[in-house]
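So the sequence shown is numbered by this note's numbering: it starts at -15 and just counts up by one. We put the CB at the ideal spot given by N, CA and C, even for glycine. Have a look at the structure below before the remarks.
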Amino acid sequence: MKSRRIMSLWFPRLAAEHSVRQGLGMPGMPFAVVGQEGQRQVLVSLSIEAEAAGLRRGQPLSDAYAMCSTLQTRLMDPQVDHDVLNALCRWAGKFSPWVSEEPPETLVADITGCAHLFGGEATLLDQVKTECAGLGLTLRASIADSVGAAWALARFSGKEVAGTRSGDDIAQEARATRSRAARRRHWERGGPKPEAMAPSSCGARIVPPGQVWAALADLPVAALRIEEDMVARLNRLGLRRIGDLAGQPRAGLRRRFGHSLLQRLDQALGTEPEPVNPARPRHHFGVRLTLPEPIGSKEDIEAAIKRLLPTLEERLRTTGRGMRQVRLECHRSDHKVSRVEIGLAHAVTALDRVCALLMMKADGIDAGCGIDMIRLVATVAEPVTSRAHATLAAAAHDGTMQSTRERQTECLLNRIGARIGLETVIRLHPAESHIPEKTFNVLHAAWSEPAKAWPQPRTFRPLELWRPEIVTVPKEGPELPATFHWRGRAFETRAALGPERVAPEWWLDEPEWRTGVRDYWRVTTRTGERLWLYFAHGAAKSPGWFCQGSFC
């Protein structure tokens, strides 16, 4: 059986170099990305100039400024870093269909059966390095039989191994004479400093099949992807190289360091399987049109959109998806971008109306000195399902009904949404409650279906409902007044129907119902108004008359 071949790509300065590439730092100047660690800010990614200035990862920002006053920084943005690594993952898909991300700076690719397409593993690795250099990214890469071995060689191949001296784990001072300060290493107390071990004998980062152990033996134990605390404990016992673990009993290692150490060792040697989980491919629905000459008129922009829509529509249809949200990007000659975005009430595949909706917001496009590239992106695309019908007649009837009702409503929602935003358009759905103002739920129209049927109330309800407004009456009491004042006007009661008693929900404390039980009346005035009045009998608040709705 042919052995697996794994390629590990480590970008040790990814966040810093990408920031410099985006213009957030001056080329040739020290640059660092700053993250939060507890209550302090530390350096999480450094440019090569910052490393040359003596800065290191994990260093507090205040100390870094003291060492390098010209240091430029930006705050860490996890979403930006994720997007950059995801873009590199898509790029690495040209070398292997099985590429996975190991945030924040690593890619792992299973290149089994792929290297011969590029002329061999050495040629493949050279091409990867060349393309990364063209992107301005520092890369350390390795190819081995296992994920753990490739990961270790990419990071630690060629590095010196230095650790604490054997026996440091044994306290050799009496308790009474032991210093309260942190224990210093023996060479810090005047002893001889241990000699640094020679670099790894594996100069090349391509390990031939079946020679993983020889390549890993001289690497430090930190290359096994274990915790720093475990690395320090191993070093204090004199186990500094991976090869030092070979002569140790596995039972003793398991008892002292747990299962994780042996698991990582077996994964690095390839005796325990560690699959490469490729990232799920993300559908990207975007098309662009590069123009030979800059444009600026609305007519030219509309013509460009109409030229792009058929291609975008075909991409959506082949994947069984419909557009729900679309963004128009107009790239100007001065490298600035003007964006317009619209949402649709439902996912659609026929994009003939999209152009008109985009042009409704064309006033927000600033052409500036001219637009030389137009890009159309379906930022939200949802699966579109078809409805099965028993007969052709049923299908024709359903299509007719949909075209006359649902499509007209959808078109209306799209046009209103293009003007004021889909999130501002609402619809009401029935709810089970005897409280007048709680007989409906407010839903966003674009993300809900219309109610099938509204339940008939036991008694008549007003056409308009508002928050209770105070009504002034000549005499306080539950008797229906012959005259009353409301909204600055005087009214006379001509006819009335009631009362209908409505009690509050006792298990809820609602401010509007702190006036207690209500007696509702349908009142017709002499001037023709049909109002919905009620008398609140009082509870936490005083009793009184209120108006809450109108029947006409």
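A residue is called buried once 16 or more other Cβ atoms fall within 10 Å of its Cβ, and Glu33 is buried on that count. Taking each of Val205, Gly348 and Leu296 in turn and checking the Cα distance to Val361, the smallest one comes out for Leu296. Put simply, the region 104 to 112 does not touch the region -6 to 12. Fewer than three CB pairs are less than 8 angstroms apart. Note: Met344 is not bridge-paired with any residue in the DSSP secondary-structure output. Rounded to the nearest whole angstrom, the CA to CA distance from Gln195 to Asp129 is 8 angstroms.
His469 is positioned such that its CB atom lies no closer than 9 angstroms to that of Val486. Using a Cβ distance threshold of 9 angstroms, Phe519 and Phe530 count as a contacting pair. Per the DSSP secondary-structure output, Asn425 pairs in a beta bridge with His413. In the three-state reduction of the DSSP assignment, Ile32 falls in the helix class. In the three-state scheme derived from DSSP, where H, G and I count as helix and E and B as strand, Thr443 is classed as coil. In the DSSP annotation of this structure, the continuous segment of the beta strand (DSSP E) that includes Pro278 starts and ends at Gly270 to Ile279.
One alpha carbon belongs to Leu200, the other to Arg139, and they sit about 12 angstroms apart.
In the displayed model, Gly132 falls within a helix according to three-state DSSP. By the Cβ criterion, the region 231 to 251 is not in contact with the region 46 to 58, since fewer than three pairs of Cβ atoms, one from each stretch, lie closer than 8 angstroms. Minimum Cα-Cα distance from Pro259 among the listed residues Trp516, Gln63 and Glu85 corresponds to Glu85.
Around the beta carbon of Gly306, 16 or more other beta carbons sit within 10 angstroms, so the residue counts as buried. When the alpha-carbon of Glu416 is set against those of Gly533, Asp347, Trp438 and Phe269, the nearest one is in Trp438.
Three or more beta-carbon pairs separated by less than 8 angstroms are not found between the region 28 to 43 and the region 214 to 232, which leaves the two stretches without contact. If you look at Gln20, you'll find it isn't in any alpha helix (DSSP H); it sits in the beta strand (DSSP E) that goes Phe15 to Glu21. Exclusion of the five residues before and after Lys459 leaves Pro465 as the residues of its chain whose Cβ lies within less than 8 angstroms of its Cβ. In this structure the region 263 to 277 touches the region 351 to 367; the number of beta carbon pairs closer than 8 angstroms is three or more.
Looking at the DSSP output, His469 sits in a beta bridge with Thr456 and Ala474.
Sequence-distant Cβ neighbours of Tyr504 in its own chain, meaning closer than 7 angstroms and more than five residues away, are Gly482, Pro483, Glu484, Val486, Trp516 and Tyr518.
Nearest to Leu69 by alpha-carbon distance, out of His2, Leu30 and Ala346, is His2. Boundaries of the beta strand (DSSP E) around Ser84: Val83 to Glu86.
It is roughly 40 angstroms from the alpha-carbon of Gly304 to the alpha-carbon of Ala0. Under the three-pair Cβ rule at 8 angstroms, the region 70 to 81 counts as touching the region 90 to 103. Of the residues Val131, Thr302 and Thr122, the one whose Cα lies closest to the Cα of Asn261 is Val131. Within the same chain, Gly533, Ser534, Phe535 and Cys536 come within 8 angstroms of Leu447 by CB-CB distance, once the 5 residues on both sides are set aside.
With respect to Arg224, Val205 sits close: the two C-beta atoms are nearer than 9 angstroms. For the options Val368, Leu312, His319 and Ala429, the alpha carbon positioned closest to that of Leu341 is the one of Leu312. The beta-bridge partner set that DSSP reports for His315 consists of Val321 and Met357. Judged by beta-carbon spacing, Leu72 lies within the 9 angstroms limit of Phe(-5), meaning their Cβ atoms are closer than that value. Cα atoms of Val426 and Ser53: separation of roughly 57 angstroms, rounded to the nearest angstrom.
As the crow flies, the alpha-carbon of Gly227 is around 9 angstroms from that of Ala198. At the C-beta level, Cys339 and Leu293 come within 9 angstroms of one another.
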